[in-house]
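Student: Mind having a look at this structure? Questions to follow.
There are 4 protein chains.
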Amino acid sequence: TIQHLFKEIFKMGLELQEDDHSKALLVSRKKKPEDTVISIKGEKIGNGKVSFIAGPCAVESYVQVAEVAQAVKNQGLKLLRGGAFKPRTSPYDFQGLGIEGLKILKQVADEYDLAVISEIVNPADLEVAIDYIDVIQIGARNMQNFELLKAAGSVNKPVLLKRGLAAQISEFINAAEYIISRGNENIILCERGIRTYEKATRNTLDISAVPILKQETHLPVFVDVTHSTGRRDLLLPTAKAAIAVGADGVMAEVHPDPAVALSDSQQQMDIPTFDHFMKELKGLTEKVGR
Amino acid sequence: TIQHLFKEIFKMGLELQEDDHSKALLVSRKKKPEDTVISIKGEKIGNGKVSFIAGPCAVESYVQVAEVAQAVKNQGLKLLRGGAFKPRTSPYDFQGLGIEGLKILKQVADEYDLAVISEIVNPADLEVAIDYIDVIQIGARNMQNFELLKAAGSVNKPVLLKRGLAAQISEFINAAEYIISRGNENIILCERGIRTYEKATRNTLDISAVPILKQETHLPVFVDVTHSTGRRDLLLPTAKAAIAVGADGVMAEVHPDPAVALSDSQQQMDIPTFDHFMKELKGLTEKVGR
Amino acid sequence: TIQHLFKEIFKMGLELQEDDHSKALLVSRKKKPEDTVISIKGEKIGNGKVSFIAGPCAVESYVQVAEVAQAVKNQGLKLLRGGAFKPRTSPYDFQGLGIEGLKILKQVADEYDLAVISEIVNPADLEVAIDYIDVIQIGARNMQNFELLKAAGSVNKPVLLKRGLAAQISEFINAAEYIISRGNENIILCERGIRTYEKATRNTLDISAVPILKQETHLPVFVDVTHSTGRRDLLLPTAKAAIAVGADGVMAEVHPDPAVALSDSQQQMDIPTFDHFMKELKGLTEKVGR
Amino acid sequence: TIQHLFKEIFKMGLELQEDDHSKALLVSRKKKPEDTVISIKGEKIGNGKVSFIAGPCAVESYVQVAEVAQAVKNQGLKLLRGGAFKPRTSPYDFQGLGIEGLKILKQVADEYDLAVISEIVNPADLEVAIDYIDVIQIGARNMQNFELLKAAGSVNKPVLLKRGLAAQISEFINAAEYIISRGNENIILCERGIRTYEKATRNTLDISAVPILKQETHLPVFVDVTHSTGRRDLLLPTAKAAIAVGADGVMAEVHPDPAVALSDSQQQMDIPTFDHFMKELKGLTEKVGR
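Each protein sequence line maps, in turn, to chains A, B, C and D. For the first sequence, the residue numbers in my numbering are 1 to 290. For the second sequence, the residue numbers in my numbering are 1001 to 1290. For the third sequence, the residue numbers in my numbering are 2001 to 2290. For the fourth sequence, the residue numbers in my numbering are 3001 to 3290.
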């Protein structure tokens, strides 16, 4: 038992060190108590108000993106998403329009005065891509693509970092640390559901992750209701839950005609559904003063 | 391919049958479109307003239960929980006071004019227990204890049925069907978190289960924020999420002195914390008109 | 930091106690280093040799059970399984023949000189059931039905305890402790797959659980290859893995005509497949000297 | 119901297409029934015999690698692993020696006449790296780093592809398809445990994945026992299970002094333990004729 005591004292020493280590994370609230607020095209993200990001899963054409941009604009939103590089399970699925897609996004964004968010999947593409987009998205499958994280940490653009498919919250926080440790502190964390045994939804929205991330870090936290649930009928209630639990924003997919979408047709909203979605959520944010 | 076609037509026939089968579930909304409203001591559960159930994890003494009952009463609530039969992982942990515990609950409930909810774990105990309690709880570990479900279906008391540790939503619905098929339709479903790989919380609150259960069944749906998260600091935000997502009620554990509780000391609220919790949630329900 | 040190020393004290506690578990190897060997109809279970349990998922008729018993006998095996009380997800699925099923099992077992294993789901049924069966099975859904565990701990028959659908190994060990703490030490642990996100198999066989359970406890450990995988084509390779990893036995379902089985028709072997299965496994056990 | 019938016939059409699609996968056994055999330094991988890959988690120094290489050589093995680029959860953990590490591996491999396997994490590094290594490893965190997969598909070196932390078997197969679709068919699949709720092991070894992958694809399948279990005491039994279930090879980590290893110190074997491990496994492969 004396031996055990010494071992424990040694372990305690290690834990003290570890504790200091976690205290030292640049993303942690211990390091910086006040909220990080990121300003994109005049939209303040993380200042207590709820922000919205909407747009199609994948960029398919100028007309498709413009139609959604109009709807986004009509709702008074500022942030348009759209995928140009699509990481797809099968090599034979539509892989996105690539740089061509970014150009479409840029053109539409300029015309409608919106900011554009798009996923980058290859560190080598970053340099070119930042000329076209306002926010770099790092997708769930790349949350621990550390080379990509380092590259995103070295550019001067905000990054929206999605939680990995089966990432622990501590791993998610450390992934953000890879970015901030290279100098880029404009990071938005995005909960997007985790992989569990439950089949009723595409993933399981881990709503508790939001308050935990808000406590542990000073970064804004979004909820992607589309990928969390994979079900159009759950987008509205889960978006309400996200707002109530304290998320800084909600992300959802909108497509002029989901039935013919080249990806994720089951879960995107059409424009009238999106208008209803926004009306309901604005009602809620007004009531709760956010 | 012709052969395949015939096989598919055969399968289709099977699926059509299955579809009818699911249509026929007595708990399903297809069977009964209007919400089931359960009346307990004047509290209407499932009528659109949010109900609350609070109380200690385990009944430890008259004084302990009375103290919590006073706090529950002060908040204008009607539903007091407390465990008398405690299913515990280890046979050497505190197993609850049994019938003695039910008697304490009954006495306190009478004095404070509250309804009592308590878990029953053995079909053989049901007959005696119903003299002491107003709502029978069937716990997560017993969600597929079909003998207990059948027994609970045969008595004339409301049942609060918790989702199993790793139960699929479809299994949860079928467990409720065991109860209703025996004649008891006063069933409250309770989401209480599912088992996943994430270690930051005790379980992962599956918030999407609430709107799914509301769509699929006509039964009231509660969220147990205590067992979902296992963390006192997450009770309030997740309760807000539960209300926003459409839950009919919230369940939480309260103890006069959590530090000395005989079980679950890490996650119970003390009374001042509970008072704050209720004040915040009443603020929310008022704002959103529930 | 001094304060932290004191807290740690206090915690250490608690851990020391806990450590002693786990040392004290009656099922633990620390308590009893030598293997528990259970003798059933002359078959020694847990003595280093590999045992086999085979039989239909559910007892459907005398003829059906007898046909399988003949096949089991032909292979020189001693242990026949068959479900009389079937815990089923839906109340409208076939629930088993009950006592009638046990009588069929008993009759067949006597005629073929086999021992019978069957699941009991209600503590109240145990007393009657033990007249008909040689080994009491406690199923996955009842692994934490503590009243049933206590009842099984009080009778003088071996118990085969299956791991819960999503039970941790430590919970599984504690479930066994409920039985042994009531005086019955003839317990066979049975790994049967756990619930994960992977859909290619019905459950995920946790093969590592076998050596862990062998290290931590002195009890025999079986692998149920049928429920682990839910796929007939995986029964043989996983059974080989079970033997190689050190399991004391393998359990599998056999039905004279799986296509018309009243339950689990996708995963039971017909008799020629079973004969091939046994031939291959006997080849392996011979080669590895078990 | 007629409408339903038409919908089903339409769905059936889609499924038929999908079926054809899966038939068309280049990695599938439907496409190529015979086993792919990969020859590396005279070692035939996938020809029915069991191969072994051993080496330290991370390359730390010439002396460290040489010591392990000697042990690997002594056992008559051909394949030495060692990490030069280490994907680590925290940016502040040891990240590997990079190109310097590859040079050490190359030097040692030449001296001991071994083939070298090392992980590459950035598509941009591939071109340089292939001068130093014989097999490119793609790690679990990069299983769906599709840019890296495409890059690996374009070089003329065998690839060892690890299953993702929470990848479904179908996703794993599609990841391999990304490689083969670019022209590189020398792919070794490696099961390395999946993320589940169970905490007794670092991951849960999905042993059933081995026969499924062998059935579905024509590629060799390995089991990484070190990362599956994360426990030194489980390496030997799980390696035996891997061999019995039909794996083409086993991968394990070996370090001259695990206690001072810069990563994964809890799970690497020291050299005497490795010698014992190999002796036991050679005993088994001999007995079972593999």
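Glycine residues also receive a C-beta, built at the ideal position from the N, C-alpha and C atoms.
Taking just the CA atoms, how far does asparagine 1186 of chain B sit from lysine 1106 of chain B?
Tutor: Taking the straight line joining both Cα atoms gives about 21 Å.
Student: Can you tell me the Cα-Cα spacing of isoleucine 1053 of chain B and arginine 3202 of chain D, whole angstroms?
Tutor: Taking the straight line joining both Cα atoms gives about 38 Å.
Student: Hey, out of A:Val116, A:Ile207, A:Ser90, whose CA is closest to tyrosine 132 of chain A's CA?
Tutor: Ranking A:Val116, A:Ile207, A:Ser90 by Cα distance to tyrosine 132 of chain A puts A:Val116 first.
Student: Output the distance between the C-alpha atoms of glutamate 3043 of chain D and threonine 3036 of chain D, rounded to the nearest integer angstrom.
Tutor: Cα to Cα, the separation comes out at about 13 Å.
Student: At the 8 Å Cβ level, is leucine 3161 of chain D part of the contact set with chain A, yes or no?
Tutor: Answer no: the Cβ-Cβ gap between leucine 3161 of chain D and chain A never drops below 8 Å.
Student: Indicate whether at least one CB of chain B lies closer than 8 Å to the CB of glutamate 2177 of chain C.
Tutor: With 8 Å as the cut-off, glutamate 2177 of chain C counts as an interface residue toward chain B.
Student: So what's threonine 3036 of chain D in DSSP terms, helix, strand or just coil?
Tutor: It is coil, neither helix nor strand.
Student: Along chain C, which residues have their Cβ under 7 Å away from the Cβ of threonine 196 of chain A?
Tutor: Per Cβ cutoff of 7 Å: Tyr2197.
Student: By DSSP, does methionine 2269 of chain C sit in helix, in strand, or in coil?
Tutor: Correct three-state label for methionine 2269 of chain C: strand.
Student: To which residues does DSSP link glutamate 3147 of chain D through a beta bridge?
Tutor: In the DSSP output, where bridge partners are listed per residue, glutamate 3147 of chain D has none listed.
Student: Would you tell me roughly how many angstroms separate the C-alpha atoms of proline 158 of chain A and glutamate 3119 of chain D, rounded to the nearest one?
Tutor: About 30 Å.
Student: Tell me whether the beta-carbon of serine 1154 of chain B lies closer than 8 Å to the beta-carbon of arginine 1195 of chain B.
Tutor: No, Cβ-Cβ distance for serine 1154 of chain B and arginine 1195 of chain B is not below 8 Å.
Student: Less than 8 Å between the C-beta atoms of phenylalanine 1094 of chain B and leucine 1262 of chain B, yes or no?
Tutor: It is a contact, given that the beta carbons lie within the stated cut-off.
Student: By Cβ distance below 8 Å, which residues in the same chain neighbour phenylalanine 3277 of chain D in space, the five residues on each side in sequence not counted?
Tutor: Here the set comprises Leu3235, Leu3236, Ala3239, Ala3252, Met3269.
Student: Give the straight-line distance between the Cα atoms of leucine 3219 of chain D and isoleucine 3188 of chain D, rounded to the nearest whole angstrom.
Tutor: Approximately 6 Å, taken between the alpha carbons.
Student: Based on the DSSP output, what are the partners of lysine 162 of chain A in its beta bridges?
Tutor: Its beta-bridge partners are A:Cys190.
Student: Using beta-carbon positions only, say whether serine 3090 of chain D and glutamate 177 of chain A come within less than 8 Å of one another.
Tutor: Yes. Within cutoff.
Student: Would you tell me roughly how many angstroms separate the C-alpha atoms of isoleucine 1169 of chain B and valine 1223 of chain B, rounded to the nearest one?
Tutor: Whole-angstrom Cα-Cα distance: 14 Å.
Student: Around the C-beta of serine 1208 of chain B, are 16 or more other C-beta atoms found within 10 angstroms, so that it is buried, or is it exposed?
Tutor: That one is buried.
Student: Of all the options A:Lys31, A:Gln267, A:Pro87, which has the alpha carbon lying nearest to the alpha carbon of glycine 98 of chain A?
Tutor: It is A:Pro87 whose Cα lies nearest to the Cα of glycine 98 of chain A.
Student: Could I get the ranges of all uninterrupted beta strand (DSSP E) runs contained in the region 1160-1248 of chain B, with 3 residues as the minimum, in chain order?
Tutor: Counting only runs of 3 or more, we get 1187-1191, 1221-1224.
Student: I'd like the span of the beta strand (DSSP E) that includes valine 2135 of chain C, first residue to last.
Tutor: That run of the beta strand (DSSP E) goes 2135-2138.
Student: Phenylalanine 1052 of chain B by DSSP, collapsed to three states: which one?
Tutor: Three-state DSSP puts phenylalanine 1052 of chain B in a strand.
Student: Using a beta-carbon distance cut-off of less than 9 Å, what residues from the region 3257-3287 of chain D approach chain A?
Tutor: Listed by position along the chain: nothing, the set is empty.
Student: Within 10 angstroms of the Cβ of alanine 1151 of chain B, are there 16 or more other Cβ atoms? Answer buried if so, exposed if not.
Tutor: Per the 10 Å Cβ criterion, buried.
Student: What residues from the region 2196-2219 of chain C come within 8 Å of chain D, judged by C-beta to C-beta, listed N to C?
Tutor: Within the region 2196-2219 of chain C, the residues whose Cβ lies closer than 8 Å to some Cβ of chain D are Thr2196, Tyr2197, Glu2198, Lys2199, Ala2200, Thr2201, Thr2204, Leu2205, Asp2206, Ile2207, Ser2208, Ala2209, Val2210, Pro2211, Ile2212, Gln2215, listed in chain order.
Student: Helix, strand or coil: how does DSSP classify alanine 3129 of chain D here?
Tutor: Alanine 3129 of chain D: helix per DSSP, three-state reduction.
Student: Per DSSP, glycine 2083 of chain C is paired with what?
Tutor: DSSP output for glycine 2083 of chain C lists C:Ala2058 as bridge partner(s).
Student: Tell me whether lysine 3031 of chain D sits in a helix, a strand or coil according to DSSP, three-state version.
Tutor: It is coil, neither helix nor strand.
Student: Just to confirm, is the Cβ distance from arginine 3192 of chain D to isoleucine 3243 of chain D under 8 Å?
Tutor: Not in contact: arginine 3192 of chain D and isoleucine 3243 of chain D (Cβ atoms no closer than 8 Å).
Student: Grouping DSSP H, G and I as helix and E and B as strand, with all else coil, what is valine 1250 of chain B?
Tutor: Valine 1250 of chain B falls in the strand class under three-state DSSP.
Student: Cβ of arginine 2081 of chain C less than 8 Å from any chain B Cβ?
Tutor: No, no contact with chain B.
Student: Compute the beta-carbon to beta-carbon distance between leucine 3161 of chain D and cysteine 3190 of chain D, rounded to the nearest angstrom, for a pair I have assumed lies under 8 Å.
Tutor: Indeed, because the Cβ distance is near 7 Å, the residues count as touching under 8 Å.
Student: What residues in its chain sit with their C-beta under 8 Å from that of glutamate 1198 of chain B, if we drop five residues either side in the sequence?
Tutor: For glutamate 1198 of chain B, where only same-chain residues beyond five positions count, the Cβ hits under 8 Å are Thr1204.
Student: Please report how far the alpha carbon of asparagine 145 of chain A lies from the alpha carbon of valine 3121 of chain D, in whole angstroms.
Tutor: Using only the alpha carbons, I get a separation of about 8 Å.
Student: Can you name the residues that DSSP bridges to serine 3118 of chain D?
Tutor: Per DSSP, D:Ile3136.
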